[in-house]
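> Structure incoming, see below.
Protein chains in written order, with the working numbering: chain B, 179 to 475; chain W, -16 to 317.
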């Protein structure tokens, strides 16, 4: 972002369009990133069009006679322990697993950037206090924090989104605060300050837009882990809590009891999680290279 | 050096105090009619309500309760499960060795394979070898521990019958739990029982170690490539040193630094990952205990375990930081 200082004479709108335009061009030329977007697109369309594509409803009662048939033409991915079509459940599962994962990251971003912006913008005691809170949250490793929060809030999709979101927010808070601290001493911020811009205007208009790129990259990569964490919570029995809802993690818990007789019940939801996580990881790496070409790999 | 350690310790203390406040409130603010009933949930009987009110001092003012709680913590009293009535600290000492064994197994797998893979990829950047290694590490960070765990259990347990898929030891073997480390207990029992213990450890270690494996591979690759482009490496080559000597004395010695930091950070991920891995492989460690305590709504145990996990995580990070400062004098005096 060092260029911003040099080109301050040009109208800001044109400069920022240039940055995003260049980034987009680099992104679509990046083959792994395209593969990632395709992986994500498959599941996004699968989730949206599930009622149209899915050959069966995800949960028909009274199908036990049909239970645990292997993959066939009638049931592409076989049937599950309740006799429901696994392919349909994987499609409907994409709705929950992807949306909960992505919304969780959005929650984390909102919480984390608010804290990070206040800390990095205000500095002093406020910064010190907020960063100690962030340290406390970071001290609880990984998914354990989300597990604790779900145990506290109870079952449900919103609870999972909040739990995973809270567990991710310290990372975003630290990232944004770090960028803001570095920007505080940069020439264009000093220039804006000397021209009498208010602290809020400096923060929102000058510093935040320049601190955005690492957040975008981190959020995309976090979506991959969030999908895995949401499935993990479902797997541990801390999922939406309604057995009628198809969710990839919970589907795996059911399947794990029948590893010997119905291994495909592990394979298909498992593959769905892996492919969507691969998608977000590839897209995140691609975005990193596109937004900051100096950091090539 | 001593000043550095003290400074780092002083940073960890407020973090743990803050966490103890949050966990204390977690138990007090559970939704329900009154804390005692909320903590006990479905287990609430008049007798247990009276007991927990007395032990936790739930009828006293909040700040008095907190300082009582803190006082008990400092005496190593983490409370007792109200399901089996056993002290959290006692059960922890029995279960923790299993988690340590699993974490070490995963670390050996991740470091033992990840660093050579990263070096290999770095030696041939942008070649097909690099491509294969990149794909391996991409899948490593994208596959959930439990999906990998069940896949391994299916292939090597169910289909090939090569390795056991649950527990730490064959329960039929006459092995006394002396240290609660399955491998050490098996060695003490003799008769080559240790082979059984190691074979039980293999699949869970691979499942748990795959994410760190991917992370170490990426970091090692990036770090080695970075250092290889330094001027002093070019100088070393120009001096006519053998490639081997350039690698060991000039590249790796410096490339190690970021790798050590990440190894420390991944220990926390391993502890959290153990929660899932232990559930998949019915491993009797602390991780599966967290899960069963949540299923049983045994909140006192959950509260204590989160605090203990955080303490371990902070301690490991402290050790890594000190080790890092030891390796890198620029940090020590920075």
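Even glycine gets a Cβ: it sits at the ideal position worked out from N, Cα and C.
Does the Cβ-Cβ distance between residue 407(B) and residue 312(B) come in under 8 Å?
Position 229 of the first chain, counted from the start, is the residue given in the question as residue 407(B). Position 134 of the first chain, counted from the start, is the residue given in the question as residue 312(B). Result no, Cβ atoms of residue 407(B) and residue 312(B) do not sit closer than 8 Å.
> From this set, 451(B), 339(B), 328(B), which residue's C-alpha is nearest residue 279(B)'s C-alpha?
As a first step, residue 279(B) must be located in the first chain, where it is residue number 101. Cα-wise, what sits closest to residue 279(B) is 339(B).
> Kindly say whether residue 396(B), judged by its beta-carbon, lies nearer than 8 Å to any beta-carbon of chain W.
What you label residue 396(B) is simply residue 218 of the first chain in a count that begins at 1. With a threshold of 8 Å between beta carbons, residue 396(B) makes no contact with chain W.
> Consider the Cβ of residue 265(B): report whether some Cβ of chain W lies at a distance smaller than 8 Å.
The residue you call residue 265(B) lines up with position 87 of the first chain. Cβ-Cβ to chain W under 8 Å: no for residue 265(B).
> Smallest Cα separation from residue 305(W): which of 288(W), 263(W), 240(W), 135(W)?
Within the second chain, residue 305(W) is the residue found at index 322, counting from 1. Selection 288(W), 263(W), 240(W), 135(W) evaluated against residue 305(W) yields 240(W) as nearest (Cα-Cα).
> Return yes when the C-beta of residue 280(W) is under 7 Å from any heavy atom of the ligand NAD, and no when it is not.
Absence of the ligand NAD from the depicted structure is noted, as is the absence of any ligand whatsoever, leaving it without description.
> Tell me which same chain residues have a C-beta within less than 7 Å of the C-beta of residue 243(B), skipping the five on either side of it?
For the purposes of this step, residue 243(B) is identified with residue 65 of the first chain, where counting begins at 1. Taken in chain order, the residues that qualify are 261.
> So that I know if they touch, is there some Cβ in chain B lying closer than 8 Å to that of residue 125(W)?
On the second chain, residue 125(W) is found 142 positions in, with the first residue counted as 1. Judged by the 8 Å Cβ criterion, residue 125(W) is in contact with chain B.
> Distance, Cα to Cα, residue 86(W) vs residue 382(B)?
Here residue 86(W) corresponds to residue number 103 of the second chain, with the count starting at 1. Here residue 382(B) corresponds to residue number 204 of the first chain, with the count starting at 1. Distance between the alpha carbons of residue 86(W) and residue 382(B) is about 44 Å.
> Give a yes or no on whether 8 Å exceeds the smallest Cβ distance from residue 256(W) to chain B.
Walking along the second chain from the start, residue 256(W) turns up at place 273. For residue 256(W), the answer is yes, since a Cβ of chain B falls inside 8 Å of its Cβ.
> Residue 63(W) bridges to which residues according to DSSP?
As a position in the second chain, residue 63(W) is number 80, starting the count at 1. BP columns for residue 63(W) point to 70(W).
> What are the boundary residues of the alpha helix (DSSP H) that includes residue 49(W)?
On the second chain, residue 49(W) is found 66 positions in, with the first residue counted as 1. Element bounds for residue 49(W): 45 to 57.
> Considering residue 307(W), what are the terminal residues of the alpha helix (DSSP H) in which it resides?
Position 324 of the second chain holds residue 307(W). Residue 307(W) -> alpha helix (DSSP H) spans 282 to 310.
> Quick check on residue 392(B) - is its C-beta less than 8 Å from some C-beta in chain W?
Walking along the first chain from the start, residue 392(B) turns up at place 214. It does not; no Cβ of chain W falls within 8 Å.
> Using the DSSP secondary-structure output, state which residues sit across from residue 263(B) in a beta bridge.
Residue mapping note: residue 263(B) aligns to position 85 of the first chain, counting from 1. Residue 263(B) is bridged to 257(B).
> If we define contact as Cβ-Cβ less than 8 Å, is residue 251(W) a contact residue for chain B?
Taking the first residue of the second chain as position 1, residue 251(W) is located at position 268. At a cut-off of 8 Å between beta-carbon atoms, residue 251(W) makes contact with chain B.
> Could you please tell me which residues of the stretch 404 to 425 of chain B, in chain order, have their CB closer than 8 Å to any CB of chain W?
Of all residues in the stretch 404 to 425 of chain B, only 406, 409, 410, 413, 414, 415, 416 place a beta-carbon less than 8 Å from a beta-carbon of chain W.
> Whose C-beta lies closer than 7 Å to the C-beta of residue 42(W) among residues of the same chain, with five residues either side of it excluded?
As a working note, residue 42(W) is residue 59 in the second chain. Taken in chain order, the residues that qualify are 36.
> One question on the structure: do residue 92(W) and residue 192(W) come within less than 8 Å of each other, judged by their Cβ atoms?
Position 109 of the second chain, counted from the first residue, corresponds to residue 92(W). Position 209 of the second chain, counted from the first residue, corresponds to residue 192(W). Yes, these two residues count as a Cβ contact at 8 Å.
> Considering only residues of the same chain and omitting the five flanking positions on each side of residue 283(B), which have a CB-CB separation below 6 Å?
Counted from its first residue, the first chain places residue 283(B) at position 105. Excluding sequence neighbours, residue 283(B) sits near 397, 400, 401, 404.
> I'd like to know whether the C-beta atoms of residue 418(B) and residue 333(B) end up nearer to each other than 8 Å.
Residue mapping note: residue 418(B) aligns to position 240 of the first chain, counting from 1. Residue mapping note: residue 333(B) aligns to position 155 of the first chain, counting from 1. In this structure, residue 333(B) lies closer than 8 Å to residue 418(B) by Cβ.
> Is there at least one Cβ from chain B nearer than 8 Å to residue 134(W)'s Cβ?
The residue given as residue 134(W) occupies position 151 in the second chain. Cβ-Cβ to chain B under 8 Å: yes for residue 134(W).
> Out of 231(B), 213(B), 431(B), point me to the one whose CA is closest to residue 270(B)'s CA.
Your numbering for residue 270(B) matches position 92 in the first chain. Minimum Cα distance to residue 270(B) is reached at 231(B).
> Tell me which residue opens and which closes the alpha helix (DSSP H) that residue -15(W) is part of.
Locating residue -15(W) in the second chain gives position 2, counting from the first residue. Looking at the DSSP string, the run of the alpha helix (DSSP H) that includes residue -15(W) is -15 to 11.
> Work out the CA separation of residue 470(B) and residue 105(W) for me, nearest whole Å.
On the second chain, position 122 is the one that residue 105(W) refers to. On the first chain, position 292 is the one that residue 470(B) refers to. Going from the Cα of residue 105(W) to the Cα of residue 470(B) covers about 22 Å.
> Chain W beta carbons: is any one of them nearer than 8 Å to that of residue 348(B)?
Counted from its first residue, the first chain places residue 348(B) at position 170. By this cut-off, residue 348(B) is not an interface position.
> Pull up the CB-CB distance for residue 436(B) and residue 443(B), whole angstroms please, since I reckon it's below 8 Å.
Against the first chain, residue 436(B) aligns to sequence position 258. Against the first chain, residue 443(B) aligns to sequence position 265. About 6 Å; that satisfies the 8 Å criterion.
> Would you call the CB atoms of residue 172(W) and residue 183(W) closer than 8 Å?
In the second chain, residue 172(W) corresponds to position 189, counting from 1. In the second chain, residue 183(W) corresponds to position 200, counting from 1. Not a contact, by the Cβ cut-off of 8 Å.
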